[in-house]
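Residue numbers (mature numbering (1 follows the signal peptide of the UniProt record, and there is no 0)): -20 to -1, 1 to 125.
Pasting the structure below:
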């Protein structure tokens, strides 16, 4: 009986390890509806080079890479989590007003070329290579060059 249980545990562990890092290319129309709407709203003139679904043990996400090298990442629900626009700048409409105002006031000659968000904070990267973190109340919590 112990051998059977051990064998089952080993098989489950192996299966989990194999499934834990599974990336696969997908079509844009296979993205969650919210992600498709986001792309059609803010990146409609961009040509998609690759869309992929990343599946980890307890997490699923999506990446969309454009032919100009820019990239958008989405969570499993289709909410954006990261936008990289090295060729231009992040669409102003997706940046919280407080962050836009802070950057415009303190770094008037720069553009926001990358933004990441999670439940607790936002991080922006400016065209001058400075990185600024904001907490959920839009207070600056870190600046790094």
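By construction, the Cβ of each residue, glycine as well, lies at the ideal position given by its N, Cα and C atoms.
So, for residue 66: in the same chain, excluding its five sequence neighbours on each side, which residues have a beta-carbon less than 8 Å away from its beta-carbon? Result list for residue 66: 49, 50, 93 and 94, in chain order.
Kindly indicate which three-state DSSP category residue 64 falls into: helix, strand or coil? Under the three-state reduction of DSSP, residue 64 is assigned to strand.
Where does residue 29 sit, in a helix, a strand or coil, going by DSSP? In the structure shown, residue 29 sits in a strand (DSSP, three-state: E or B).
How is the beta strand (DSSP E) around residue 46 delimited, first residue to last? Residue 46 -> beta strand (DSSP E) spans 39 to 46.
So what's residue 206 in DSSP terms, helix, strand or just coil? In this structure the chain extends from -20 to 125, so residue 206 is not present and cannot be described.
Rounded C-alpha distance that separates residue 52 from residue 71: When rounded, the distance between both Cα atoms is 12 Å.
Find out if the Cβ-Cβ distance for the pair residue 31, residue 44 is shorter than 8 Å. Yes, they are a contact pair.
Name the two residues that bound the continuous alpha helix (DSSP H) containing residue 77. That run of the alpha helix (DSSP H) goes 77 to 86.
Going by beta-carbon coordinates alone, are residue 102 and residue 96 separated by less than 8 Å? Between residue 102 and residue 96, the gap from beta carbon to beta carbon is short of 8 Å.
By alpha-carbon positions, which one of 118, 121, 117 and 46 ends up nearest to residue 28? The shortest Cα separation from residue 28 among 118, 121, 117 and 46 belongs to 46.
Who are the near neighbours of residue 80 in its chain, counting only those whose CB is closer than 7 Å to its CB and skipping five residues on each side? Here the set comprises 72.
In whole angstroms, what separates the C-alpha of residue 114 from that of residue 78? Rounded to whole angstroms, residue 114 to residue 78 spans 10 Å at the Cα level.
What is the DSSP secondary structure of residue 74, counted as helix, strand or coil? Assigned with DSSP and collapsed to three states, residue 74 falls in helix.
Taking the beta carbon of residue 13 as the centre, do at least 16 other beta carbons fall within 10 Å, making it buried, or is it exposed? Residue 13 is classed as exposed because its beta carbon has fewer than 16 other beta carbons within 10 Å across all chains shown.
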